[in-house]
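First residue of the sequence shown? That's 76 in our numbering, and the numbers climb one at a time after it.
Using N, Cα and C, we set each Cβ at its ideal position, and we do this for glycine too.
Just below is one structure, and these are the notes that go with it.
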Amino acid sequence: MAMNFCPNCGAKLRPDAKFCGSCGKKIQRDDAEPADERDLPPQPQSTPQPQPTPTPQPTPPQPQPTTQSQPTQPTPTYRQDVTLQEKFLTTSGRLNRWRYFVRAMILLVPEILLYIVAVATTPPNSPPNYMAGVGLMLLLYGLIMLVPNVMLTIRRLHDLDLSGWFYLVFLIPFVNALFGFYALLAPGTRGPNRYGPDPLEVQGGW
Numbered sequence: 076m077a078m079n080f081c082p083n084c085g086a087k088l089r090p091d092a093k094f095c096g097s098c099g100k101k102i103q104r105d106d107a108e109p110a111d112e113r114d115l116p117p118q119p120q121s122t123p124q125p126q127p128t129p130t131p132q133p134t135p136p137q138p139q140p141t142t143q144s145q146p147t148q149p150t151p152t153y154r155q156d157v158t159l160q161e162k163f164l165t166t167s168g169r170l171n172r173w174r175y176f177v178r179a180m181i182l183l184v185p186e187i188l189l190y191i192v193a194v195a196t197t198p199p200n201s202p203p204n205y206m207a208g209v210g211l212m213l214l215l216y217g218l219i220m221l222v223p224n225v226m227l228t229i230r231r232l233h234d235l236d237l238s239g240w241f242y243l244v245f246l247i248p249f250v251n252a253l254f255g256f257y258a259l260l261a262p263g264t265r266g267p268n269r270y271g272p273d274p275l276e277v278q279g280g281w
């Protein structure tokens, strides 16, 4: 057991001594609790007060950015063919059934009349050179008229929303006749297509 000494006179003290036996001085214990803290009644534990929940403030509406509408593109309108080049010597645009038929007849009728006149005016006993000359003339006229005929047919195919390369179908025997009736009689695309506006927007004319 550890011995204690009086801080005043240095006399030995018992471990549980509260006063010095020699000088009578009160002994302070290090492990003793302070009198004020020991004698105080226990303090009641404070109950934490509930914190009020903050009320969310309404957020003012943000103005929406205004988007400018894109201007609509004007719908292209069909323009009537005026010149002979626009009527017969172009592959641009579309050609409806009636205009195709009328223009094809304008090219075909003179060839038929020329053939009739050539046959009617040829004497029965004409020399072979004469007959060859008439045949060559008819052939040349047919070749010249082939160019506008091809261009008219390509524009008619455009009205059916078909590429002009479909004209090569006319090189196939038997199929060319059926395809020719289809190109002549089938109605075109209603409204604009990839080849231009609808030619039926403009009535009349050839």
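Residue i - DSSP class collapsed to helix/strand/coil
i    : result
K100 : coil
N204 : helix
Y153 : coil
A261 : coil
W240 : helix
V277 : coil
F254 : helix
L235 : coil
F245 : helix
Whole-angstrom C-beta distance between residue j and residue i, which should lie under 8 angstroms
i    : j    : result
L235 : N171 : With a Cβ gap of about 10 angstroms, L235 and N171 do not count as contacting.
G168 : R230 : 6 angstroms
Y61  : P272 : With the chain covering 76 to 281 only, the question about residue 61 has no answer from this structure.
P248 : L182 : So it is not a contact: roughly 23 angstroms between Cβ atoms.
T158 : M226 : Incorrect: roughly 14 angstroms between the Cβ atoms, too far for contact.
L88  : C98  : Contact doesn't hold; Cβ gap of about 11 angstroms is too wide.
K100 : N83  : 4 angstroms
A193 : L232 : That pair is no contact at about 33 angstroms.
V244 : F254 : 5 angstroms
Q155 : V277 : 5 angstroms
Residues bridged to residue i [DSSP beta-bridge criterion]
i    : result
K87  : F80
N268 : G271
F94  : K101
Any C-beta of chain D under 9 angstroms from that of residue i
i    : result
R269 : Judged by its chain identifiers, the structure shown contains no chain D, having just a single protein chain.
Does the stretch 208 to 221 come close enough to the stretch 181 to 200 that 3 or more CB-CB pairs lie under 8 angstroms? yes
Stretch pair the stretch 257 to 265 + the stretch 214 to 227: three plus CB contacts closer than 8 angstroms: no
Could you give the uninterrupted runs of the alpha helix (DSSP H) lying entirely in the stretch 160 to 228, keeping only those of 4 residues or more? 172 to 195
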